[in-house]
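Chains as they are written, first to last, in our numbering: chain A, 68 to 533; chain H, 68 to 533; chain B, 68 to 533. Beta carbons: idealized from backbone N, C-alpha and C, even for Gly. As the structure is a prediction and not an experimental result, all values here were calculated from the model.
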Amino acid sequence: MLHPDRLFPADPESRNIARRLYAEVASLPIVSPHGHTDPAWFALNEPFADPATLFVIRDHYAFRMLYSQGVPLEQLGVPRLDGGAVETDPRQIWRLFARHWSLFRGTPTRLWLEHAFETVFDVTERFGPDTADAIYDHINTCLSRPEFRPRALFERFNIEVLATTESPLDTLEHHGTIRQSGWKGRVITAFRPDPVVDPEFEGFAANVGQLGTLTGENTATWTGYLAALANRRQFFKAAGATSTDHGHRTALTADLSRAEAEQLFGKALRGVATPAEAELFRGQMLTEMARMSLDDGLVMQLHPGADRNHSPLLFERFGRDKGCDIPTATEYVSALRPLLNRFGNEAGFTLILFTLDETSYSRELAPLAGVYPALRLGPAWWFHDSPEGMRRYREMVTETAGFYNTVGFNDDTRAFCSIPARHDVARRVDCAFLARLVAEHRLDEDEAREVAHDLAYRLVKRAYKL
Amino acid sequence: MLHPDRLFPADPESRNIARRLYAEVASLPIVSPHGHTDPAWFALNEPFADPATLFVIRDHYAFRMLYSQGVPLEQLGVPRLDGGAVETDPRQIWRLFARHWSLFRGTPTRLWLEHAFETVFDVTERFGPDTADAIYDHINTCLSRPEFRPRALFERFNIEVLATTESPLDTLEHHGTIRQSGWKGRVITAFRPDPVVDPEFEGFAANVGQLGTLTGENTATWTGYLAALANRRQFFKAAGATSTDHGHRTALTADLSRAEAEQLFGKALRGVATPAEAELFRGQMLTEMARMSLDDGLVMQLHPGADRNHSPLLFERFGRDKGCDIPTATEYVSALRPLLNRFGNEAGFTLILFTLDETSYSRELAPLAGVYPALRLGPAWWFHDSPEGMRRYREMVTETAGFYNTVGFNDDTRAFCSIPARHDVARRVDCAFLARLVAEHRLDEDEAREVAHDLAYRLVKRAYKL
Amino acid sequence: MLHPDRLFPADPESRNIARRLYAEVASLPIVSPHGHTDPAWFALNEPFADPATLFVIRDHYAFRMLYSQGVPLEQLGVPRLDGGAVETDPRQIWRLFARHWSLFRGTPTRLWLEHAFETVFDVTERFGPDTADAIYDHINTCLSRPEFRPRALFERFNIEVLATTESPLDTLEHHGTIRQSGWKGRVITAFRPDPVVDPEFEGFAANVGQLGTLTGENTATWTGYLAALANRRQFFKAAGATSTDHGHRTALTADLSRAEAEQLFGKALRGVATPAEAELFRGQMLTEMARMSLDDGLVMQLHPGADRNHSPLLFERFGRDKGCDIPTATEYVSALRPLLNRFGNEAGFTLILFTLDETSYSRELAPLAGVYPALRLGPAWWFHDSPEGMRRYREMVTETAGFYNTVGFNDDTRAFCSIPARHDVARRVDCAFLARLVAEHRLDEDEAREVAHDLAYRLVKRAYKL
């Protein structure tokens, strides 16, 4: 089912070059510095539930496509917040999914699932209504076996390090369990402070209060609040974190006076900040986080541009992260100026930028990353984590920022079994891009080989200090 | 002149796949759900005038290119509103056009005209100054023959259904004539309410008054106005319409209270709405139209983003649709929210979105269409109805929205003889795109064959209920 | 080192076509209508200093990339405004540059430098740490020989005409020296009035005063100011200029009443114009410049969209043009309307538009240039003056504007030795694009040959009246 030449160019000369480059990187370990897998999987090492839970119910790429064609999320087993009835028979969900499989033609979801079916579960028939039951039974049986438990898969996937993402309020209990278990798998956390730095996050004031409790700081004051954040960053760092992650609506940063920041913080805590003030406060907190990064060495990641929960109906019925976050135009040049004026020229600080707005690649991000020592560009992200998306990324970024202001791939996924597939797609697409450069005599093959290795393995380790 | 492999990839393997896919769809009937041909042609079935009128004087793609290089529109026979002198000898216009034919190198106009010359008129010489007279004479002779009258061409073009576009104030007389004539050609209308829902349209208040007269409703009141629109939609539906079409400047929608909407309507009628109020009223009317679509089942089309009549000089001298409408950046995520919050999750409602701003394909449109059941994406439109434009559309839309949230091709043209050419270009470009997916082992060829058929024929029938 | 097929498509059929097309244009003379070389080079004809000065210290493409990876500009010999210590040994700079050479993989800087090394200096080893010293010595020796002086290289590069860019306050002394020297090389100037039309330019009022002194006009009055500008344009024209150049932050134009313009000018002179008023004044001056172009026939160029000196630290330490100008989103449709309403339909006037915002190619620029007789599109510019950038430019511009509303290539460079390389890249990329059109049967090869010649030579001469 998986062709060895998939994603390589059709032209024989370029294809041969791509094959050779890919052969060098195909089996390199996976370094996954940013993602949303559940640390409990590796702490508890319990079996995964069933094929529908593993591949459909928790994967918004999967169920949003069926929903877009009129399939109610309830029929796909997505839990309702009000506890209303949803389909609970995983086999029925699986069959429904199989009947709509043709919707995924030409999408990365198709590539990821076929890769997981074949490489993880040895399924070699084509998925569809006719084979759904047999494949369901086969995967289901696999899942009950020890070699399909999370830790075994982690090892089989050849993962060198895997980062999860947690709130500052998280106890990191599962990460502790993993470390104390004697298991050698390296699962680390990343510090995602949105719940305590975004005045519009649900329960912001209570979250800040809890932050105080956890750290013993008086988070009712600006000084105590900053100290608590620094303290919590240390706690995360001690649990292995090498990075922070910031999921803001825009890339706005600010560099306010202490008095202004303090006043804004007060308004935010009292719940009286206007939307503009909340935005300004988030911007200020990015600059504060950058300042703390200079102190503690955590690498900073900024993922702006998603208009979250676009449909109130879906949000009220099913909650967050249900496939209804929509990208918007995102400006970087003005937005980042305050932070960059302060810290952009610091070679000891790293800010990794992502975008959902491809227009910013060649216009803003590559020119910025091509000059500021502190900036690096994250890989093609989310809706662009796909063959065409990755190709456009390389074509639009490389000429101005080069390869070495980028940081390799990250999978950003909660779908554990798709991790090898996603890294494989990235390696193949990068090799295909490099093969074109070689075939067009824009790069020598020995150099391309080194770049392929950098993109697959070395750059991510260096950028994330792994 | 027309090479059988035109628009297919040059790589032999991909080209062979493209050939096989195209062979499956090349002769499928044409379904044209959106266009601007003149229903009088099919009602009266009179001969077309002459080559210059057919191919130059009425085709803004043709004359705008010559105008851009300094050829006055008067010399191209484009009528002046003030009745001022323009060239009236079609042969002179034709010769002038032929002398500038090289301007069209690399443009779709060149592809369309060569296709029409060869497939409609059996012209196999290359067009240019040396052949202009002979080709003129040949086409002119053809046009006098019965097999080149509109109905005969309609049949020869293998058009299964053709939609025209009319104002709500239109009597649809020609459509009536066609239906009563016994001729089997299916020519339907589409409901384009811009003249009665846009307060800035010339004669808006008078148009609304006329709408009242036509329907027997009191359109001086909000209630009567809405009733009149619903009534007129029914009238169009009875004449075969399956869709409405909305040519707004932006994609803004609104969901106002009844009192607010009523007040805005009053201002619009009295001609005292500010530009912002006019824009808000148009946005409200999109939501009203969506509501009516849920009632009567007409599919809704939104074509935003053109800054119409950019040059006052051209507008005052020659009027609308003279090649001086210019695309602008168009935002969808916020703009559509009010309408989508109301109706976006309704699987029984269809809103087909178009854009002139390619940046929205991967950033906004595909993510929106990939989740909302009510949304579908129209094909690459207007300036993007071209090989490169269509390719970019598939590359940027497919990975997030799939193929099945798109609706096949439409030609959107008033140039009747270019219809087969335009559909042929779309089929070829889609087959070329699919061939690349197959050659890169991202899709199996049997699936690609099914998708090619869907894109060329089945999707458009389903989306437009034809 | 330089492969004869570089930048051609890998597919053998397309590559063969590209080879044939390129063979027709490879040795055509270079016409360079816009750039920033120093006229003193050709007036004084002194030897170039050393390899580091020639290729690194003055080339912001080169040193910005190393800076982005943490190399201080001081170590690269970039002079500090405060006279602070910087590296002064060119060999050390050269070695440092060589150690970071891999950063340029996939960038146009790599292509330009390798081309210069091999074609100008006969270097055929690969550049890098191991060969840095030998290459340094070799180039250094070359530079001391008469055939590597500026005029000899100018002739060897087969430059038919080269334009530099000067301020209206410049005496054009070097251009005078060149003309009087008896040397046949055609080096002309271009009129860049930013220092006297931008109220936010350093020393604006003093500059306007100096303009008055130079011209004998009373530039304290609006009338005198306009007369002085017209006078100075004549002075430039007499020194060979055929064009003006305008480096505005946005494309805003204005068409104010005389009274409004006069009042704005007064505020600008007194230093009390707000930023919005300064912007409006710049916009008005574009329209004034267009009016003067109709009188004196100078072709007008508009280069908007750079956010200059993004990092205050770099600006304060090293000054302008140090690689920290960042592109921003740029709007044209509304911004140009005032100017186009006045002069856009004048076939005798030419406004050449550039952009740093590729999203405007297909959405705004090609549609505008495809209808207004006065508009032409400049080539892919600055960060987009690269293989991928040029390819996207042709793919996004050609279908709507054709080839003949573009003006051929210009190098816009201060790096003299890169001029042949840049023109060679442009010719190769254009031939590769044309080869694809031919291979896909969208253009006949004889036509493509003519277009290749037009793009490489004829269009630029026509557009710039050279």
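Through-space distance from residue j to residue i, alpha-carbon basis
| i | j | result |
| --- | --- | --- |
| His167 (chain B) | Phe258 (chain B) | 38 Å |
| Lys528 (chain B) | Leu178 (chain H) | 29 Å |
| Ile486 (chain A) | Thr480 (chain A) | 7 Å |
| Arg430 (chain B) | Leu220 (chain H) | 34 Å |
| Asp511 (chain H) | Glu91 (chain A) | 27 Å |
| Arg73 (chain A) | Arg509 (chain H) | 6 Å |
| Asn472 (chain H) | Asn412 (chain A) | 45 Å |
| Asp491 (chain A) | Arg172 (chain H) | 41 Å |
| Glu517 (chain B) | Leu526 (chain B) | 11 Å |
| Met457 (chain H) | Ala447 (chain H) | 6 Å |
| Arg349 (chain B) | Arg216 (chain H) | 57 Å |
Contact with chain H by residue i, beta-carbon distance below 8 Å
| i | result |
| --- | --- |
| Thr198 (chain A) | no |
| Glu431 (chain A) | no |
| Ser453 (chain B) | no |
| Glu425 (chain A) | yes |
| Thr232 (chain A) | no |
Chain-ordered chain A contacts of residue i [CB-CB under 9 Å]
| i | result |
| --- | --- |
| Phe171 (chain B) | Gly469 |
| Ala482 (chain B) | Within 9 Å Cβ-Cβ: nothing; Ala482 (chain B) doesn't reach chain A, min ~16 Å. |
According to DSSP, residues forming a beta bridge with residue i
| i | result |
| --- | --- |
| Ile419 (chain H) | H:Gln368 and H:Arg443 |
| Glu544 (chain B) | The displayed coordinates of chain B run from 68 to 533. Any statement about residue 544 (chain B) would go beyond what the structure contains. |
| Ile97 (chain A) | A:Ile226 |
| Ile393 (chain B) | B:Asp374 |
| His520 (chain B) | His520 (chain B) is not bridged to any residue. |
| His313 (chain A) | A:Leu369 |
| Thr174 (chain H) | The partner list for Thr174 (chain H) (beta bridge, DSSP) is empty, contrary to what the question assumes. |
| Thr473 (chain B) | B:Leu444 |
Partners in chain A for residue i, counting only beta-carbon separations shorter than 7 Å
| i | result |
| --- | --- |
| Cys391 (chain B) | Val438 |
| Gly411 (chain H) | Ser378 |
| Gly456 (chain B) | Glu466 |
Cβ-based burial, residue i [other Cβ within 10 Å; buried from 16]
| i | result |
| --- | --- |
| Lys389 (chain H) | buried |
| Asp362 (chain B) | exposed |
| Thr238 (chain H) | exposed |
| Arg212 (chain H) | exposed |
CB contact check: residue i to chain A, cutoff 8 Å
| i | result |
| --- | --- |
| Tyr428 (chain B) | no |
| Gly137 (chain B) | yes |
| Gly144 (chain H) | no |
| Arg216 (chain H) | no |
| Glu240 (chain H) | no |
Contacts of residue i in chain B (Cβ-Cβ under 9 Å)
| i | result |
| --- | --- |
| Ser81 (chain A) | Ala77 and Asp78 |
Chain A contact residues for residue i, given Cβ-Cβ distances below 8 Å
| i | result |
| --- | --- |
| Asp478 (chain B) | Simply none; closest approach about 16 Å. |
Under 7 Å by beta carbon: chain H residues contacting residue i
| i | result |
| --- | --- |
| Ala506 (chain B) | Ala77 |
| Pro157 (chain A) | Correct list: empty, because the minimum Cβ distance to chain H is about 23 Å. |
Neighbour flag for residue i against chain B, beta carbons, 8 Å
| i | result |
| --- | --- |
| Ser211 (chain H) | no |
| Asn207 (chain A) | no |
| Asn225 (chain A) | no |
| Leu435 (chain A) | yes |
Under 9 Å from the C-beta of residue i: neighbouring residues of chain H
| i | result |
| --- | --- |
| Ala414 (chain B) | Gln136, Gly137, Val138 and Pro139 |
| Asp521 (chain A) | The contacting residues do not exist; Asp521 (chain A) stays about 24 Å from chain H at best. |
Neighbour list for residue i in chain B, Cβ cutoff strictly below 8 Å
| i | result |
| --- | --- |
| Glu514 (chain A) | Ser169 and Arg172 |
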